[in-house]
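Note that the sequence shown covers residues 1 to 49 in our numbering. Where is the CB? At the ideal position from N, CA and C, for every residue including glycine. First the structure, in the form of structure tokens, and then the observations on it.
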Amino acid sequence: MTQFTELGLAEPVLKAIAAEGYTKPTPIQEQAIPTLLEGRDLVGIAQTG
1 MTQFTELGLA
11 EPVLKAIAAE
21 GYTKPTPIQE
31 QAIPTLLEGR
41 DLVGIAQTG
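As structure tokens, then:
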């Protein structure tokens, strides 16, 4: 599974994610974040925990 650090997020965002204790994105985050960073629109459906 991908790490947040591999998704191309800005350093302040990565620090905030780490401060909350998250290390790995959920499957929907892993698939959606790169698309959103390209500036593309996205509609996603995922089961919540």
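Using only CA atoms, which one of T2, Q31, T48 and G8 lies nearest to T23? To locate residue 23, count along the sequence shown from 1; it is residue 23. Selected option, being the one with the closest Cα: T2.
Whole-angstrom Cβ separation of I45 and L7, contact assumed at under 8 Å? In the sequence shown, counting from the first residue as 1, residue 45 sits at position 45. In the sequence shown, counting from the first residue as 1, residue 7 sits at position 7. 20 Å between Cβ atoms; not a contact.
Please go through the region 23 to 47 and give each complete alpha helix (DSSP H) segment of 4 or more residues, from N-terminal end onward. The qualifying runs are 27 to 37.
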